[in-house]
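In what follows, a structure is listed as structure tokens, so that the remarks can point back to it.
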Amino acid sequence: MLKPISFCLLLCLVSFAHKVQSSPTVTFVGDNVSSSPITVAFVDNIEELDGFVTELDSLSDGKITKLLALNEFSAAANEVLHLQMVAGKTHLLLVGSQQDDKLTAPELQDLGGAIAAALRSTEKDVDASIIIDNLDTAEAYPAAHIAYGYHLRDYFFDKYKAVKRGGNSTLEFITPNPEMAKNLYENDLRYIAEGVHLARDLAWEPGKSLYPVEFVDRVKEKLKGKKNLKVRVLDVNDMEKLNMGAILGVGQGSIHEPRLLIVEYMGGDKDKAPIALAGKGVTFDTGGISLKPNANMWQMKSDLSGAAAVAGTMYAIASRQEAANVVGLMPLAENMPAEDAIRPGDALDTMKGTTIEIISTDAEGRLLLSDAVYYAQKEYQPALLLNIATLTGSAVRALSFEYAALITRDIETSVEVMGIGKRSGEHVWPLPLHPNHFDQIASDIADIKNSGAGNPGASIGAAVIGTFVDEDQPWIHLDIAGVDWLEADRPTVPRGAQGWGVRFMDQLVREKK
């Protein structure tokens, strides 16, 4: 017989065992012969019904029209109306799809997310047929994008709940060109959704159980077996040899050693320079000696969201075997206020040789990225360098929760990158980078200082990193402090960690490879 204490331990182990969340089961067919208990159809104009909804209205002697009016359904995009026992359907979900212009890919994905939000509001299994016959879109295979949007939204993090969430999704899309839609979803889009889910998992995970070495192990396991991919890890000894004092400085106050995780995916022309993606990976940020207040410090488990997004992007690219060369760099450290932590006033060496005076130990993400972006240039000579980080409260104050802050060296690049954001469904908006911002970070005792230079804070943070980026290096800086964690649901994102950046960087690779 188990002793009581052992039995308790066993229960605890069972309770916290992680059940991997399953992806939706998705099929695509050409004929509406489904017996699914839930039927989903779209309405874009309540004054003039069309498509399958017209058939249902006729079968019910006009009850659909009456119920739309009774429930004040407007058909606005992503609006949902759940009807029961009407037109021979046990459950009928009507989804508004009204738009001024043709539905774009992100708008179709939002429709899928709205369906998931409506059907996954309980823990029951979902078995639904989704009729695609009346959507006004230029996309050739809208069903694939709706399935992708559903997959993005169909997410929860219940690893530490004693009772795990139940229910799975089985979706049948009735659509023209089912084989082409299936190919687009199964061999491409679903991998982006899985990459987003990976990034969310990493951002939700408590800092106690996700520290730099563990982050490395989880990403390596997720990428195991992918073709054209190699993983490299720089430990403390490696970084000391490279004089990476900025990364080492951030992590020296923690019992968990820092790491630089590098994922090389070479699926394109061997002679073509890669795209380099560098993401800030602070696995927990106390602020160090410049200690943060307790309010909302728990959320600093997600201060690794930049690195998590790079990991998710590399997973998506490698899974679909994109014809591109991409290197993901994830500098990882835990920022703690221990007896040997760096102090305000200290000066750190860097791989470049440029020294940094520490004004605030809570301005640590730019330190990680300073060594990482310089290493990326020297090791890979990238055609394009992008860094992504939960960097500044200034970005949140400037752009709120709608846009990631975008900083480049010229407005033309910013405009081009804004277009990439729009097409990906993850929007960015430019902030300036002026020569004066570099002047502001001059230090009295070192070459530059990491903070305390006044406003604008987001641009100052970018200038610190930009000091380590060659003038002629194409470079994109993304500050995602306002968009990586949301307190309210969005169509493709439940509240909490967004996994922001996977969709954006995936689109960037498609267009810039």
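Residue numbers for the sequence shown, in the working numbering: 143 to 655.
Quick reminder that beta carbons are idealized off the backbone N, C-alpha and C, glycines included.
Bear in mind the structure is a predicted one, so any value in this text is a computation, not a measurement.
Reducing DSSP to helix, strand and coil, say where Asp-199 ends up.
On the sequence shown, residue 199 is found 57 positions in, with the first residue counted as 1. DSSP places Asp-199 in helix when its eight states are reduced to three.
In the structure shown, what three-state DSSP assignment does Gln-241 receive?
Your numbering for residue 241 matches position 99 in the sequence shown. Correct three-state label for Gln-241: coil.
Relative to the C-alpha of Pro-616, which residue among Val-651, Leu-526, Pro-248 and Gly-230 is closest?
Counting from one through the sequence shown, the residue named residue 616 turns up at place 474. Selected option, being the one with the closest Cα: Leu-526.
Looking only at its chain, what residues have a beta carbon closer than 8 Å to the beta carbon of Thr-264, apart from the 5 residues adjacent to it on each side?
The residue you call residue 264 lines up with position 122 of the sequence shown. Taking C-beta separations shorter than 8 Å and ignoring five residues to either side along the sequence, the partners of Thr-264 in its chain run Gly-309, following chain order.
Can you give the Cα-Cα distance for Ala-505 and Asp-413, rounded to whole angstroms?
Numbered from its first residue, the sequence shown carries residue 505 at position 363. Numbered from its first residue, the sequence shown carries residue 413 at position 271. Distance from the CA atom of Ala-505 to the CA atom of Asp-413, rounded to whole angstroms, is 38 Å.
Where the alpha helix (DSSP H) containing Tyr-290 begins and where it ends
By 1-based counting over the sequence shown, the position of residue 290 is 148. If you look at Tyr-290, you'll find it in the alpha helix (DSSP H) that goes 284-295.
Taking only the alpha-carbon atoms, compute the straight-line gap between Phe-610 and Ser-512 and give it to the nearest angstrom.
Along the sequence shown, one-based indexing puts residue 610 at 468. Along the sequence shown, one-based indexing puts residue 512 at 370. Cα-Cα distance, rounded: 6 Å.
Trp-440 classed as buried or exposed, judged by whether at least 16 other C-beta atoms fall within 10 angstroms:
Locating residue 440 in the sequence shown gives position 298, counting from the first residue. Per the 10 Å Cβ criterion, exposed.
Closest to Asp-491 by CA distance: which of Gly-563, Ala-388, Val-570 and Ala-420 is it?
Translated into the one-based positions of the sequence shown, residue 491 becomes position 349. Comparing Cα-Cα distances from Asp-491 to each of Gly-563, Ala-388, Val-570 and Ala-420, the minimum goes to Ala-388.
Buried/exposed call for Lys-324, threshold 16 Cβ in 10 Å
Residue 324 sits at position 182 when you count from the first residue of the sequence shown. Counting Cβ neighbours within 10 Å, Lys-324 comes out buried, since at least 16 surround it.
Which runs of the beta strand (DSSP E), 3 residues or longer, sit entirely within the stretch 305-374?
If we require 3 residues or more, the beta strand (DSSP E) runs fully inside the stretch 305-374 come out as 311-316.
How long is the line joining the alpha carbons of Met-408 and Phe-357, rounded to whole angstroms?
Residue mapping note: residue 408 aligns to position 266 of the sequence shown, counting from 1. Residue mapping note: residue 357 aligns to position 215 of the sequence shown, counting from 1. Distance between the alpha carbons of Met-408 and Phe-357 is about 22 Å.
Is there contact between the stretch 394-401 and the stretch 345-355, where contact requires at least three CB pairs shorter than 8 Å?
With a cut-off of 8 Å, the stretch 345-355 and the stretch 394-401 count as touching, because enough Cβ pairs lie within range.
Sequence-distant residues of its chain with Cβ nearer than 7 Å to Cys-150 (five each side left out):
Sequence index remark: in the sequence shown, residue 150 carries index 8 (1-based). Bear in mind that the predicted position of Cys-150 carries a pLDDT of just 41, short of 50, making it unreliable; the figure below should be weighed with that in mind. Around Cys-150: no qualifying Cβ.
In or out: Tyr-302 buried (at least 16 other Cβ within 10 Å) or exposed?
Counting from one through the sequence shown, the residue named residue 302 turns up at place 160. For Tyr-302, the number of other beta carbons within 10 angstroms of its own is below 16, and it is reported as exposed.
Take the Cβ of Ile-553 as the centre, count every other Cβ of all protein chains shown within 10 Å, and call the residue buried at 16 or more, exposed below.
Your numbering for residue 553 matches position 411 in the sequence shown. Exposed is the call here.
If I'm right that Ser-176 touches Ile-316 with Cβ under 8 Å, what's the distance once you round it to whole angstroms?
Taking the first residue of the sequence shown as position 1, residue 176 is located at position 34. Taking the first residue of the sequence shown as position 1, residue 316 is located at position 174. Contact between Ser-176 and Ile-316 holds, since their C-beta atoms are separated by about 7 Å, short of 8 Å.
When DSSP builds the beta bridges, which residues end up paired with Glu-499?
Along the sequence shown, one-based indexing puts residue 499 at 357. When beta bridges are read from the DSSP output, Glu-499 appears opposite Ala-489 and Lys-591.
Proximal residues to Ala-258 (C-beta, below 6 Å), its chain only, five neighbours per side dropped
Stepping through the sequence shown from its first residue, residue 258 is reached at position 116. Correct list, in chain order: Tyr-292, Arg-295 and Asp-296.
Label Arg-645 either buried or exposed according to how many other C-beta atoms from any shown protein chain fall within 10 Å of its C-beta, with 16 as the threshold for buried.
Taking the first residue of the sequence shown as 1, we reach residue 645 at position 503. Classification of Arg-645: buried, given that the 10 Å Cβ count is 16 or more.
Measuring straight from C-alpha to C-alpha, what distance separates Ala-282 and Val-168?
One-based indexing of the sequence shown puts residue 282 at position 140. One-based indexing of the sequence shown puts residue 168 at position 26. Each residue's Cα considered, the two are about 18 Å apart.
Could you say which of Lys-422, Lys-591, Asp-589 and Gly-238 lies nearest to Glu-221 if we only look at CA atoms?
Numbered from its first residue, the sequence shown carries residue 221 at position 79. Of the candidates Lys-422, Lys-591, Asp-589 and Gly-238, the one whose C-alpha sits nearest the C-alpha of Glu-221 is Gly-238.
Note down the Cα distance separating Asp-278 from Phe-170, rounded to an integer number of angstroms.
The sequence position of residue 278 within the sequence shown is 136, counting from 1. The sequence position of residue 170 within the sequence shown is 28, counting from 1. The straight-line gap from Cα to Cα measures roughly 19 Å.
Rounded C-alpha distance that separates Leu-344 from Gly-193:
Residue numbering aside, residue 344 sits at position 202 when the sequence shown is read from its first letter. Residue numbering aside, residue 193 sits at position 51 when the sequence shown is read from its first letter. Leu-344 and Gly-193: Cα-Cα distance of roughly 42 Å.
Cross-strand partners of Glu-406 (DSSP beta bridge):
Counting from one through the sequence shown, the residue named residue 406 turns up at place 264. The partner list for Glu-406 (beta bridge, DSSP) reads Lys-372 and Val-469.
Candidates His-569, Asn-529 and Glu-558: closest to Leu-96 by CA position:
Here the chain has residues from 143 to 655 only, and residue 96 is not among them.
Would you decide whether Pro-146 is buried or exposed? Buried here means 16 or more other CB atoms lie within 10 Å of its CB.
Here residue 146 is taken as the residue at index 4 of the sequence shown, counted from 1. The predicted model places Pro-146 with a pLDDT of 43, which falls under 50 and marks its position as unreliable, so this point remains unresolved.
State yes or no: is the C-beta of Lys-422 within less than 8 Å of the C-beta of Ala-453?
Within the sequence shown, residue 422 is the residue found at index 280, counting from 1. Within the sequence shown, residue 453 is the residue found at index 311, counting from 1. Against a cut-off of 8 Å, the Cβ pair of Ala-453 and Lys-422 comes out as no contact.
Roughly how many angstroms lie between the CA atoms of Ala-656 and Ala-420, to the nearest whole one?
Only positions 143 to 655 of the chain appear in this structure, which leaves residue 656 out of reach.
Rounded Cβ spacing between Gly-391 and Ile-484 (contact assumed at less than 8 Å):
The sequence position of residue 391 within the sequence shown is 249, counting from 1. The sequence position of residue 484 within the sequence shown is 342, counting from 1. That belief holds up - the Cβ atoms of Gly-391 and Ile-484 are roughly 5 Å apart, short of 8 Å.
Is it true that the CB of Gly-603 sits closer than 8 Å to the CB of Asp-581?
The residue labelled residue 581 in the question sits at position 439 within the sequence shown. The residue labelled residue 603 in the question sits at position 461 within the sequence shown. One thing to note: Asp-581 has its Cβ no nearer than 8 Å to the Cβ of Gly-603.
Contacts around Thr-428, its chain only, beta-carbon distance under 8 Å, and the 5 residues preceding and following it disregarded:
Counting from one through the sequence shown, the residue named residue 428 turns up at place 286. Same-chain partners within the cutoff: Lys-434, Met-439, Met-442, Asn-477, Met-478 and Pro-479.
Under a three-way DSSP split, which group does His-233 fall into?
Here residue 233 corresponds to residue number 91 of the sequence shown, with the count starting at 1. Of the three classes helix, strand and coil, the one that applies to His-233 here is strand, per DSSP.
Ala-465 versus Leu-510: straight-line alpha-carbon distance, rounded
Looking up residue 465 in the sequence shown gives position 323. Looking up residue 510 in the sequence shown gives position 368. Approximately 29 Å, taken between the alpha carbons.
Excluding the five sequence neighbours on either side, which residues of its own chain have a C-beta within less than 7 Å of the C-beta of Glu-249, listed in chain order?
Here residue 249 corresponds to residue number 107 of the sequence shown, with the count starting at 1. The residues are Ala-219 and Gln-241.
Determine contact between the stretch 636-655 and the stretch 334-343, defined as no fewer than three beta-carbon pairs at a distance below 8 Å.
Yes, they touch.
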